[in-house]
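Just add 14 to wherever you are in the sequence shown, counting from 1, and you've got this note's numbering. From the three backbone atoms N, C-alpha and C, an ideal C-beta is built for every residue, glycine too. Computed from a prediction, not measured in an experiment: that's the story for all the values here. Notes for the one structure printed next.
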Amino acid sequence: MERDEAMSLMIKLLKVMLKEGGSDLFITAGFPPAMKVKGKMTPMMKKPLTAEDSKSMVQCIMNDRQLKEFEETKECNFAISPPGVSRFRCNAFVQQSCSGLVMRVITAEIPNFDKLGLPVVLKEVITAKNGLIVMVGGTGSGKSTTMAAMVDHRNINSYGHIITIEDPIEYVHPHKNCVIMQREVGVDTKSWEAALHNT
15 MERDEAMSLM IKLLKVMLKE GGSDLFITAG FPPAMKVKGK MTPMMKKPLT
65 AEDSKSMVQC IMNDRQLKEF EETKECNFAI SPPGVSRFRC NAFVQQSCSG
115 LVMRVITAEI PNFDKLGLPV VLKEVITAKN GLIVMVGGTG SGKSTTMAAM
165 VDHRNINSYG HIITIEDPIE YVHPHKNCVI MQREVGVDTK SWEAALHNT
């Protein structure tokens, strides 16, 4: 599969997934492209992808830096925003010597702290003048959603400068009462260490 053909198929699959209310798109050799809708895995085509098809689909959405990282480390995390589609967090990897990819939809709307029903103590945590917040949990447990809501709460309810270091940037925060600088590892800074040292 040529790059243009792979990209065209990828955009088509992403649009179908969004229309059907899917949350994740899975690309792997030996299985058709599949989406997760309400927790259920649903194939989107009848024909399984070959190893070459899977490789083409994984690589068609990468820029040169991401391709280099993928070739060197056999994995790469990044976000893409195809025009007119949506924003997606991408996890590219190699499994059983074949390229694979999972893409998760990132909603454009910043989640609201109060609507999420988060513990009130997190408002105190996010408005503290000093400290480091470490958010941990399994895939799909709400780490990114919670952090985005916390950053937005501070952005609305305080004045100042907010810096995030992310890999990749998921939610894009507009400036409200704060100036927000969002730095993506590998795009805006060489590493977590470099970003922390220079922030």
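Between the C-alpha atoms of I75 and A122 there is a straight-line separation of about 19 Å. In chain order, I124 place their CB closer than 6 Å to the CB of D166, counting only its own chain and leaving out the 5 sequence neighbours on each side. Between S68 and K50, the C-beta spacing is not below 7 Å. By a beta-carbon distance limit of 8 Å, N191 contacts S172. Their separation comes to about 6 Å. In this structure, L115 lies away from I179, with their beta-carbon atoms at least 7 Å apart.
For P46, the closest C-alpha among the options K29, Q196, K129, A65 is that of A65.
DSSP places S172 outside both helix and strand once states are collapsed to three, so it counts as coil. Counting only runs that start and end inside the region 25 to 74, the alpha helix (DSSP H) elements of at least 4 residues fall at 65 to 73.
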